[in-house]
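A.B. asks:
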Amino acid sequence: MSEASVVPAPPSRPNVLFEYLLRCGDDRLVLGHRLSEWCGHGPILEEDIALANISLDLLGHSTMFLRLAGEVEGKGRDEDALAYFREAVEFRNCQMVELPVGDFGFTMTRQFLFDAYDIVLLDALSSSTHAELAAIATKALKEARYHIRHSGEWMLKLGDGTEESHRRTQRALDELWRFTPELFTADAIDMELHAAGVAPDLPALRPAWESIVRDVADRATLTIPHAAPRAASTRDGRSGAHTEALGHMLAEMQIVARSHPGASW
Amino acid sequence: MVTPIAARDDVLRILDGVMDPEVPVLSVRELGIVRDVIVDDAGAVTVVVTPTYSGCPAIRVIEEDIVAALTNGGIPNARIRTTYAPAWTSDWIPAEAREKLRAAGIAPPESAESGALVQLVRERAAVECPWCGSRDTEVRSEFGSTACKSLCVCRACLQPFELFKSI
Ligand SMILES: [Zn+2]
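Line order of the protein sequences matches chains A and V.
Just so we're aligned, residue 1266 is where the first sequence starts under the numbering used here, counting upward by one.
Just so we're aligned, residue 241 is where the second sequence starts under the numbering used here, counting upward by one.
What follows is the structure in structure tokens.
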């Protein structure tokens, strides 16, 4: 059998790949944690189980990305050190995933927008020249496919459901839309890794993402908002600028590990 | 005294007896979790494993079970190595193992999907009931008691059943 053992040419600055892997890992860690907040609060038992399952998948994907990030960094930090012992400004997730869960319509709309991003990104990353990154993406993509099946189905049910479910889902879409440019804005790190064949051309993924989103939104009788203009200088989650919500979330997520460092159970 | 070097076949035979903690009718080999066994010249045993579903919390238990079973079988100090490539697929579960799933009331996985990236629930073909064979069934929830199973119900025999997810 063959194993991932091909080592690609290292990017010119060694921390570029580390930074990129943090973005991948942190998106899934933060969203996975947000989903876990529904555990015990789901609208029906099946949905409670579903959200917990998807949360676990995302944490599993995050673990793979962050473990590789720690290896690439070479300073002895493993996935737990990266998850539990970094401050909010050191997190590289996009802002959309850190927003509080809101109501079920908001949670599901955010999930759907992320899942659509997840499948187009992972699909592209699965042909990365970095063999380990490609292997992680190939594995995660299989699960992302059933994630979007779930969130997409809910978009149809909620958007094309009752007046109230439609109103809430449309409101969520309107609120979340301005956070979507961040997903497809390439900075120097993205461009350098794209040139090396390690990561995809991020802005070029947007049309595929938007066609998935529009197709489901149309069938769900939801209206895609007009794209909000976005200043090029805006600092975003990829460079460590976060909303207030992330700090509160991390305080809860990290407190046990920080209060009892090295504890096992 | 020199410890005899374990034969690869002995290791594989012991692994046939290590059952998956969440689907205890199948062994870790039948599930395709064990990808390879390497016995080096010095007799050191390495078991190469790949996780099934990323969110499956059982993988650590499985690794401990493998090491414990080998220790009990006279092969101490086996090492576990994890690989992600090739990515695990439910297509690796062989025909006999699928029958064992069916007998346990778990519909075996359909072929892993390859086509369109987005396929909503309502666009998928109904699965076959493991109890009565009817395809008049519905998926109640894609997410069930464990990461690998969905919850279904059969309209023909009115029985609930689980479906092994295909990935
Ligand atoms: Zn039946």
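We put the beta carbon where it would ideally sit given N, CA and C, even for glycine.
Note that the structure is predicted; figures quoted are calculated from it, not measured.
So, does the stretch 1377 to 1385 of chain A touch the stretch 315 to 322 of chain V, judging by three or more C-beta pairs under 8 Å?
C.D. replies: These segments do not touch.
A.B. asks: Closer than 6 Å from C-beta to any heavy atom of ligand 1: which residues, in chain order?
C.D. replies: Listed by chain position, these are V:369, V:371, V:372, V:374, V:394, V:396, V:397 and V:399.
A.B. asks: From the beta carbon of residue 1483 of chain A, is the nearest beta carbon of chain V less than 8 Å away?
C.D. replies: The sequence position of residue 1483 of chain A within the first sequence is 218, counting from 1. No, its Cβ sits nowhere closer than 8 Å to a Cβ of chain V.
A.B. asks: Could you list which residues in chain A have their beta carbon closer than 7 Å to that of residue 380 of chain V, in chain order?
C.D. replies: In the second sequence, the residue the question calls residue 380 of chain V occupies position 140. Going along chain A in sequence order, the residues near residue 380 of chain V (Cβ under 7 Å) are 1311.
A.B. asks: Can you tell me whether residue 301 of chain V is buried or exposed, with buried defined as 16 or more other CB within 10 angstroms of its CB?
C.D. replies: Along the second sequence, one-based indexing puts residue 301 of chain V at 61. It counts as exposed.
A.B. asks: Using a C-beta cutoff of 8 Å, does residue 1413 of chain A count as contacting chain V?
C.D. replies: As a working mapping, residue 1413 of chain A is identified with position 148 in the first sequence. Answer yes: the Cβ-Cβ gap between residue 1413 of chain A and chain V drops below 8 Å somewhere.
A.B. asks: Along the stretch 1326 to 1339 of chain A, what residues have a CB closer than 8 Å to any CB found in chain V?
C.D. replies: Under the 8 Å Cβ criterion, the stretch 1326 to 1339 of chain A contributes 1326, 1328 and 1329.
A.B. asks: Would you identify the three-state DSSP class for residue 388 of chain V, choosing helix, strand or coil?
C.D. replies: Within the second sequence, numbered from 1, the residue matching residue 388 of chain V stands at position 148. Three-state DSSP puts residue 388 of chain V in coil, outside helix and strand.
A.B. asks: Taking all protein chains shown into account, decide if residue 1529 of chain A is buried (16 or more other Cβ within 10 angstroms of its Cβ) or exposed.
C.D. replies: Walking along the first sequence from the start, residue 1529 of chain A turns up at place 264. Exposed, by the Cβ-count rule.
A.B. asks: Kindly list the residues whose CB is nearer than 7 Å to the CB of residue 1483 of chain A, restricted to its own chain and excluding five residues on each side of it in sequence; keep chain order.
C.D. replies: Start at 1 with the first residue of the first sequence, and residue 1483 of chain A comes out as number 218. The answer is none, since no qualifying residue turns up.
A.B. asks: The beta strand (DSSP E) spanning residue 322 of chain V covers which residue range?
C.D. replies: To locate residue 322 of chain V, count along the second sequence from 1; it is residue 82. That run of the beta strand (DSSP E) goes 319 to 322.
A.B. asks: What residue from V:281, V:265, V:309 and V:260 has the CA that sits closest to residue 252 of chain V's CA?
C.D. replies: For this step, residue 252 of chain V is matched to residue 12 along the second sequence. Out of V:281, V:265, V:309 and V:260, V:309 has the C-alpha closest to the C-alpha of residue 252 of chain V.
A.B. asks: Using a cut-off of 8 Å between C-beta atoms, extract the partners of residue 1451 of chain A located in chain V.
C.D. replies: Position 186 of the first sequence, counted from the first residue, corresponds to residue 1451 of chain A. Residues of chain V passing the Cβ test: none, with the nearest at roughly 22 Å.
A.B. asks: What is the residue span of the alpha helix (DSSP H) that residue 1523 of chain A lies within?
C.D. replies: Position 258 of the first sequence holds residue 1523 of chain A. Counting along the chain, the alpha helix (DSSP H) containing residue 1523 of chain A begins and ends at 1509 to 1524.
A.B. asks: Kindly give me the distance between the Cβ atoms of residue 420 of chain V and residue 1314 of chain A, rounded to whole angstroms, as I take these residues to be in contact under 8 Å.
C.D. replies: There is simply no residue 420 of chain V to check, as chain V begins at 241 and stops at 407 in what is shown.
A.B. asks: Whose C-beta lies closer than 7 Å to the C-beta of residue 1473 of chain A among residues of the same chain, with five residues either side of it excluded?
C.D. replies: Here residue 1473 of chain A refers to the residue found at position 208 when the first sequence is read from its first residue. Excluding positions up to five away in sequence, the list reads 1385.
A.B. asks: Report, in whole angstroms, the separation of the C-beta atoms of residue 1462 of chain A and residue 1403 of chain A, which I expect to be a contact under 8 Å.
C.D. replies: Looking up residue 1462 of chain A in the first sequence gives position 197. Looking up residue 1403 of chain A in the first sequence gives position 138. Rounded, the Cβ-Cβ distance is 16 Å, inconsistent with contact.
A.B. asks: Return the CA-CA distance between residue 1497 of chain A and residue 368 of chain V, expressed in angstroms with no decimal places.
C.D. replies: Start at 1 with the first residue of the first sequence, and residue 1497 of chain A comes out as number 232. Start at 1 with the first residue of the second sequence, and residue 368 of chain V comes out as number 128. Bear in mind that the predicted position of residue 1497 of chain A carries a pLDDT of just 49, short of 50, making it too unreliable to give a figure here.
A.B. asks: To which residues of the same chain is residue 1417 of chain A closer than 7 Å at the C-beta, ignoring the five residues directly before and after it?
C.D. replies: To locate residue 1417 of chain A, count along the first sequence from 1; it is residue 152. These residues qualify, in order along the chain: 1377 and 1481.
A.B. asks: Does residue 1358 of chain A have its Cβ less than 8 Å from a Cβ in chain V?
C.D. replies: Within the first sequence, numbered from 1, the residue matching residue 1358 of chain A stands at position 93. Cβ-Cβ to chain V under 8 Å: no for residue 1358 of chain A.
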